[in-house]
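Add 39 to the 1-based position in the sequence shown for this note's numbering, that's all there is to it.
For every residue, glycine included, the Cβ atom is placed at its ideal position computed from N, Cα and C.
Source: prediction; values computed, not measured.
Here is the structure we will look at.
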Amino acid sequence: MLDAVQIPILLKAIDFVFDEGRRILEERRERRKAEANAAQVQVPQAETEALPLPPEQAEAVKNNLVAAKIDELLWQNHEAEVRHLVALLETYSRNYHLSKEQYAKWGSALVPPIIVHNLTEAENAMLNTIKQLESALSKVYKKDIQATQ
40 MLDAVQIPIL
50 LKAIDFVFDE
60 GRRILEERRE
70 RRKAEANAAQ
80 VQVPQAETEA
90 LPLPPEQAEA
100 VKNNLVAAKI
110 DELLWQNHEA
120 EVRHLVALLE
130 TYSRNYHLSK
140 EQYAKWGSAL
150 VPPIIVHNLT
160 EAENAMLNTI
170 KQLESALSKV
180 YKKDIQATQ
């Protein structure tokens with residue numbers, strides 16, 4: 040059995056799922072609320088918005104994962120997948136932050152559609168990859184791991 044603390048990439052994956060992913064979900068919800076308030080028209084969304092876990096619950100789950108022991112064989116079987124997903128999340132996170140900076144430079148009313156598209160695409164890519172990472176971590180830890188409700 041291995042300690043999760045001994046595996047830096049696993050700690051990074053847990054941080055992405057519970058910290059970075061949570062921040063992006065919250066920023067996305069705030070931006071959508073601001074856009075809806077500015078338009079004064081509530082457009083029904085086809086997808087249901089993913090809600091992050093409450094901070095206390097997310098922190099408790101994260102601490103449990105960090106303190107847990109994992110099976111070495113399970114880790115070896117899923118290590119490449121976790122490394123790949125963390126690398127993707129680093130790229131998507133960088134794209135998200137660049138798009139967010141461009142969005143902020145223009146101001147919310149004047150943002151060109153391509154910047155809004157890039158921001159939305161980066162958010163969606165990150166959220167999908169976080170779901171895949173949650174699935175991979177669930178296999179490693181042999182329990183259901185979800186950072187969203």
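Next item on the list: Tell me, please, whether the CB atom of Tyr142 is closer than 7 angstroms to any CB atom in chain B?
Entry: Among the protein chains of the structure shown there is no chain B, as only one such chain exists.
Item checked: Integer-rounded CB distance, given that Thr168 should sit under 8 angstroms from Leu127 -> Right, their Cβ atoms sit about 5 angstroms apart.
Margin query: Considering just the uninterrupted stretch of the alpha helix (DSSP H) at Ser147, what are its terminal residues?
Written below: Note, Ser147: premise wrong, no alpha helix (DSSP H); not H, not E.
Item checked: Closest Cα partner of Val147 within the set Gln185, Lys181, Glu69, Ala107 -> Strictly speaking, residue 147 in this sequence is Ser, with Val absent from that position. Selected option, being the one with the closest Cα: Glu69.
Checklist line | Closest by C-alpha distance to Asn134, when choosing among Val121, His156, Arg122 | finding: That would be His156, whose Cα lies nearest to the Cα of Asn134.
Notebook entry, point to check: Nearest to Glu66 by CA position, among Ser132, Leu176, Lys178, is which residue?
Noted result: In this structure, Ser132 is the residue among Ser132, Leu176, Lys178 with its C-alpha nearest to the C-alpha of Glu66.
Next item on the list: Within 10 angstroms of the Cβ of Trp114, are there 16 or more other Cβ atoms? Answer buried if so, exposed if not.
Entry: By the neighbour-count criterion, in which 16 or more other beta carbons inside 10 Å mark a residue as buried, Trp114 falls on the buried side.
Notebook entry, point to check: Between His136 and Lys108, what straight-line distance do the alpha-carbon atoms span, to the nearest angstrom?
Noted result: When rounded, the distance between both Cα atoms is 34 angstroms.
Check: With a CB to CB cut of under 7 angstroms and the five nearest residues on each side skipped, what residues in its chain are close to Ala161?
Finding: If we look at Ala161 and ignore the five residues flanking it on each side, its Cβ neighbours are Tyr131, Asn134, Tyr135, Ser138.
Notebook entry, point to check: Cβ atoms of Ala175 and Glu120: under 7 angstroms apart, would you say?
Noted result: Yes, Cβ-Cβ distance for Glu120 and Ala175 is below 7 angstroms.
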